[in-house]
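Asks: Chains as they are written, first to last, in this note's numbering: chain Z, -19 to 252; chain L, 494 to 790. We put the CB at the ideal spot given by N, CA and C, even for glycine.
Okay, structure coming up:
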């Protein structure tokens, strides 16, 4: 893997409101091309805020975000981002195919090019045959796969995922974890992934950034050296448990005791 | 393989363009039942009050409340000796009023939407304009009718067009209010998504805000559709137009003491015209608005 940097965050801080609630402080983070970096931390540690700053949805109070060698604003205007939220945020009035094509329309792709890409994407997320259905006719997991297909349809340089599987049941979540890894490998994407599930973070990522609550800081970065491709067996390997334990201890050390138990007990229960 | 179960669910709930109209047709089939019940209530009321001699809230006799079959059969009476049938007169009047109302509705809905879109876009406009938009509806339509007809008439505008303008005055208000609400109803995360695609304001409006607003718009169109007919009829009063339902109502009001069934018949035709407008909007909504069934209350 070349050491080309896709995201470079330096001395980033975010203060909300006039009262000055510090949400993020002294954030430094580097994401390399092809990397899969998870931000993990208890609720309210600012991990979603950090993701939204990277995507230029909100502005930082100070510090710098460089994406593909340019400021975040420029990267957004160049359509370098694909975003997946916890909710699928699909447009009810569009079919599955047209939802996937939404960003393509805005990029001015012609009809045939769009149709080809829709087909490719449906194939990628294994929803071929569902293109003419409307979102409400799909299960939650299928809706989230449409959302992922939409985010990837225009091959953005960076995929930002904000607890994308947080609202799904454990079984669907594990299956989609596997699918996401396959998609990540096939598309050579770079992903920043927000989660509060330790196992999910370790299973998916090449690196896990552990965050502390209020003000949010990155207290540790754990390199995940599990072999690729990761499979069902990965979840049962001793190294997987070692890494899960390491991340858990880092979370404890960062002052997240009160929430961390809940995080371990049931990663899927919070529906924010 | 994992999708097998969900496929069944999806197919079971699947609906295509044609099947979307089934509920509407089902309701149409109910129509004879509803008419029969209304007929029964009408005649039952008349019979009960007449046999008991109750006088509250008013005396019931063939003058205050004619038999429904008298009202219906009078449609096939000539309006005067050797004259056309009442039905013919009323249908022509209804067509005349319908034209005013349709033009008024189109005018009012378009202006109402544009005004609402402008207001939704700017907080300053919202604060500055909204009180006047609301105030506009407190002015009695009968009072501004002659001003509009005479004013536009002096510029060579035909009277029926002036009546459309009066109808539009009643029509635009609900559309404006609901356009503002509807355009603001878009999911904030969907707006963030558009932001992340670097979508311009126009693109966001067309692809997200307007589709999100459609259920609100159609709710307003339903109110406006019937309001446009009221506006057209009242507009005819103030412009002394004879050809429409407003003219018929005026004439048959004067003749009420000797043939009350004529005014009743006119009222029923006016009501049917209103219902037809409402149904037209409801059908258009079924065809245009695509939402999860549970969101379509």
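Considering only the alpha carbon of each residue, which of L:588, L:631 and L:756 lies closest to residue 767 of chain L?
Replies: Considering only alpha carbons, the answer is L:588.
Asks: Mind pulling the beta strand (DSSP E) runs of 3 or more residues that sit fully within the region 37 to 62 of chain Z?
Replies: Listed in chain order, the complete beta strand (DSSP E) runs (minimum 3 residues) inside the region 37 to 62 of chain Z are 42 to 47.
Asks: Using a Cβ-Cβ cut-off of 8 Å, state whether residue 689 of chain L counts as contacting chain Z.
Replies: Interface residue, yes.
Asks: Check whether the region 648 to 662 of chain L and the region 722 to 736 of chain L are in contact - that is, three or more C-beta pairs closer than 8 Å.
Replies: Short answer: they touch.
Asks: If I measure Cβ to Cβ from residue -12 of chain Z and keep anything under 7 Å in the same chain, skipping five residues before and after, which residues do I get?
Replies: These residues qualify, in order along the chain: 10 and 46.
Asks: What is the rounded straight-line gap between the Cα of residue 743 of chain L and the Cα of residue 705 of chain L?
Replies: Distance between the alpha carbons of residue 743 of chain L and residue 705 of chain L is about 43 Å.
Asks: Please state whether DSSP places residue 10 of chain Z in a helix, a strand or coil.
Replies: Reduced to three states, the DSSP call for residue 10 of chain Z is strand.
Asks: Under a CB-based cut-off of 8 Å, is residue 516 of chain L close to chain Z?
Replies: Judged by the 8 Å Cβ criterion, residue 516 of chain L is not in contact with chain Z.
Asks: For the alpha helix (DSSP H) containing residue 197 of chain Z, name the first residue and the last one.
Replies: From DSSP, residue 197 of chain Z is part of no alpha helix (DSSP H) but of the beta strand (DSSP E) over 197 to 203.
Asks: Go through its chain and collect everything with a Cβ distance to residue 757 of chain L's Cβ below 7 Å, but skip five positions before and after it.
Replies: Once the five neighbours on either side are set aside, the close Cβ partners of residue 757 of chain L are 559 and 564.
Asks: Let me know if residue 522 of chain L comes out buried or exposed under the rule of 16 or more other beta-carbons within 10 Å of its beta-carbon.
Replies: So residue 522 of chain L counts as exposed.
Asks: Could you spell out where the beta strand (DSSP E) holding residue 734 of chain L opens and where it closes?
Replies: Element bounds for residue 734 of chain L: n/a, residue is neither H nor E.
Asks: Flag residue 704 of chain L as yes if its beta-carbon sits less than 8 Å from any beta-carbon of chain Z, otherwise no.
Replies: Answer yes: the Cβ-Cβ gap between residue 704 of chain L and chain Z drops below 8 Å somewhere.
Asks: Please report the residue range of the beta strand (DSSP E) in which residue -10 of chain Z lies.
Replies: Here the beta strand (DSSP E) through residue -10 of chain Z covers -15 to -4.
Asks: Using a Cβ cut-off of 7 Å, which residues of the region 24 to 43 of chain Z contact any Cβ in chain L, in chain order?
Replies: Those would be 35 and 37, in chain order.
Asks: When the cut-off is 8 Å and only beta carbons count, does residue 678 of chain L lie next to chain Z?
Replies: No - not a single Cβ of chain Z is within 8 Å of the one on residue 678 of chain L.
Asks: Using a Cβ-Cβ cutoff of less than 6 Å, which residues in the same chain neighbour residue 44 of chain Z once the five nearest sequence positions on both sides are dropped?
Replies: Hits under 6 Å: -10.
Asks: Answer yes or no: do residue 602 of chain L and residue 668 of chain L have a C-beta to C-beta separation smaller than 8 Å?
Replies: Yes, they are a contact pair.
Asks: Measure how close the beta-carbons of residue 115 of chain Z and residue 105 of chain Z come, nearest whole angstrom, since I'm counting them as under 8 Å.
Replies: At roughly 14 Å, the Cβ-Cβ gap does not stay under 8 Å, so residue 115 of chain Z and residue 105 of chain Z are not in contact.
Asks: Does the distance from the CB of residue 129 of chain Z to the CB of residue 101 of chain Z come in under 8 Å?
Replies: Yes. Within cutoff.
Asks: Helix, strand or coil for residue 16 of chain Z? Go by DSSP, reduced to three states.
Replies: Looking at residue 16 of chain Z - three-state DSSP - the assignment turns out to be strand.
Asks: When the Cα atoms are used, what is the spatial distance from residue 225 of chain Z to residue 713 of chain L?
Replies: Computed Cα separation, rounded: 58 Å.
Asks: State the CB to CB distance for the pair residue 737 of chain L and residue 529 of chain L, rounded to an integer number of angstroms; the pair is presumed to be in contact (CB under 8 Å).
Replies: Contact flag wrong, Cβ pair sits at about 31 Å.
Asks: If the cut is a Cβ gap below 7 Å, which residues of chain C does residue 674 of chain L touch?
Replies: The structure shown has no chain C; the protein chains it does contain are Z and L.
Asks: Using a beta-carbon distance below 8 Å, is residue 685 of chain L in contact with chain Z?
Replies: At least one chain Z Cβ lies under 8 Å of residue 685 of chain L.
Asks: Give me the Cα-Cα distance between residue 574 of chain L and residue 639 of chain L, rounded to the nearest whole angstrom.
Replies: Cα to Cα, the separation comes out at about 34 Å.
Asks: Do residue 140 of chain Z and residue 172 of chain Z have their C-beta atoms closer together than 8 Å?
Replies: Cβ distance < 8 Å, so residue 140 of chain Z and residue 172 of chain Z count as in contact.
Asks: I want to know whether the region 621 to 639 of chain L touches the region 770 to 784 of chain L - three or more CB-CB distances under 8 Å.
Replies: No: the two stretches stay apart, fewer than three of their Cβ pairs being nearer than 8 Å.
Asks: Just list the alpha helix (DSSP H) runs in the region 122 to 180 of chain Z, keeping only unbroken ones of 4 residues or longer that don't cross its boundaries, in chain order.
Replies: As far as the region 122 to 180 of chain Z is concerned, its whole alpha helix (DSSP H) runs of at least 4 residues are 150 to 167.
Asks: Taking Cβ positions, are residue 64 of chain Z and residue 144 of chain Z nearer each other than 8 Å?
Replies: Closer than 8 Å, so yes.
Asks: When the Cβ atoms of the region 194 to 213 of chain Z are set against those of the region 31 to 42 of chain Z, are three or more pairs found closer than 8 Å?
Replies: Output reads no: the region 31 to 42 of chain Z does not touch the region 194 to 213 of chain Z.
Asks: In chain L, which residues lie with their C-beta within 8 Å of the C-beta of residue 63 of chain Z?
Replies: Under the 8 Å cutoff, chain L gives 685, 686 and 689.
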